[in-house]
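A short worksheet on the structure shown next.
Residue numbers (the numbering used here): 346 to 775.
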């Protein structure tokens, strides 16, 4: 099994280029099968979640052609099945977007209940509620969601809770429904907006994405498009907090600063210098940072996907910080790993109380999920001595060339596959 071995203690300095947004790409690649024309999608991150989804799309008969590492051409004209194989679904949760895409286009879909990172309960009841409101019959049979309708019709749908996945899924199905659909209490995340913009580029009529009320006028069919995915705000935020944790100075390029405001505000609050440009941000941390309180919230609040990363920074800050997780209940599983490095963190329910310490020390760590895995790498970069992060398959689900990009910033990090390579690394770095 591959792992990262890291010698920490050096500040990250330099420039890093951010790739396309994984979460937007997952939805947009799925939406691309809703037309029989060819669709070209660019700025796709080359990460395992994307590659698994492309396999799932090919598995139902769609034609996918990788133009280059970050571009793919797709057509849904060759789709021969509306039943998705469980092998793909168990690997990535976002494959449930095939429900909305297939139901919208073919008025029938069969998709197994989803898998993905084990970070807590993520019910799909809001997805099913939306499909039923559009006129579909939805059942769960032997672990498979079966949705079908003679015709989908527009509806007024109020979401009981803000859900990115449900908002996107309902939006896709409604794009090809008869009449008008209104989604209230809709998610406002950038990848919801990006998916709506992509659907509109194919001829859909969607207004209000980015607000809590989305209005959709159904169209008869969608057509070809060429589309470029927005930059990944979570990848950008990860490098921003890596700069802060290592007391570095990093220019993060190819970003939309507006998407990063919740993270930027917290970095400024704890004492970082943050400089914004048109499509870049620079984060500089001089000396030890200060404490703060953080509560994760739906966008534009502080993202749950950045909670582990800021907790690592706060474990090295002066004073006591409180981090409250309001989205997922299992998102503090990395805390035991940080405790092995000397961090002082006490978890009570959905709250972590962090007493900052002067230094972390290197340890053997295990990535429990995607974002926590990235946070443990940041901890290793900031710690004294050598750290090893196992189970990096989680990290590679969402970060392209993570170790290579960090090395360009001066990090001593290598991807290794066995204990012999770890020993060689230790000998080399001293």
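For glycine and all other residues, C-beta sits at the position ideal for the given N, C-alpha and C.
Annotated three-state conformation of residue 766 is helix, per DSSP.
According to the DSSP assignment, residue 556 belongs to no beta strand (DSSP E), since it is labelled neither H nor E. Looking at 621, 617, 593, 587, the one whose alpha-carbon comes closest to that of residue 601 is 621. Around the CB of residue 631, fewer than 16 other CB atoms lie within 10 Å, so the residue is classed as exposed. Listed in chain order, the non-local C-beta contacts of residue 414 below 6 Å within the same chain comprise 391, local neighbours out to five positions each way being set aside.
Cβ-Cβ separation between residue 375 and residue 481: approximately 17 Å, too far for a contact (criterion under 8 Å).
Of the other Cβ atoms in all chains shown, fewer than 16 fall within 10 Å of the Cβ of residue 775; this residue is therefore exposed. When DSSP states are grouped into helix, strand and coil, residue 442 belongs to the helix group. With a contact defined as Cβ atoms closer than 8 Å, residue 476 and residue 734 miss out at about 40 Å.
At a Cβ-Cβ threshold of 7 Å, residue 579 and residue 650 count as neighbours. Nearest to residue 658 by alpha-carbon distance, out of 412, 510, 741, 723, is 723. The Cβ atoms of residue 584 and residue 597 lie closer than 7 Å to each other.
Between residue 536 and residue 372 the beta-carbon gap is near 6 Å, inside 8 Å, which marks them as a contact. With a threshold of 16 other beta carbon atoms within 10 Å, residue 444 meets it and is buried. Here residue 743 is near residue 715, since their CB atoms are less than 7 Å apart. Between the C-alpha atoms of residue 619 and residue 354 there is a straight-line separation of about 22 Å. Remark: fewer than three beta-carbon pairs, one from each stretch, lie closer than 8 Å, so the stretch 605-618 and the stretch 487-495 are not flagged as touching.
Judged by DSSP in its simplified three-state form, residue 627 adopts strand. Around the beta carbon of residue 423, fewer than 16 other beta carbons lie within 10 angstroms, which makes this residue exposed.
For residue 741, the closest alpha carbon among the candidates 397, 430, 379 is that of 397. For residue 373, the secondary structure class from DSSP, reduced to helix, strand or coil, is helix. Secondary structure of residue 472 (DSSP, three-state): helix.
A straight line joining the alpha-carbon of residue 405 with that of residue 449 spans about 16 Å. In this structure, the beta-carbon distance from residue 707 to residue 728 falls below 7 Å.
Taking all protein chains in view, the Cβ of residue 605 is crowded by 16 or more other Cβ atoms within 10 Å, so the residue is classified as buried.
In the DSSP assignment, residue 349 is bridged to 734, 760. Contact check for residue 644 against residue 533 passes: the beta carbons are separated by less than 7 Å. Here residue 420 carries a strand assignment [DSSP, helix/strand/coil]. Counting only runs of 3 or more residues that sit fully inside the stretch 490-545, the beta strand (DSSP E) segments are 501-503, 525-529, in chain order. The three-state reading of DSSP puts residue 644 in coil, since its state is none of H, G, I, E or B.
The beta carbon of residue 410 sits closer than 8 Å to those of 417, 418, 419, all from its chain and outside the five residues before and after it, given in chain order. Of the candidates 440, 503, 745, the residue whose Cα lies closest to the Cα of residue 364 is 745. Annotation: the continuous beta strand (DSSP E) that includes residue 457 extends over 453-457. Between residue 668 and residue 698, the alpha-carbon positions lie close to 7 Å from each other. Residue pairing by DSSP leaves residue 569 without any beta bridge partner.
Within a 10 Å sphere around the beta-carbon of residue 670 sit 16 or more other beta-carbons, which makes this residue buried.
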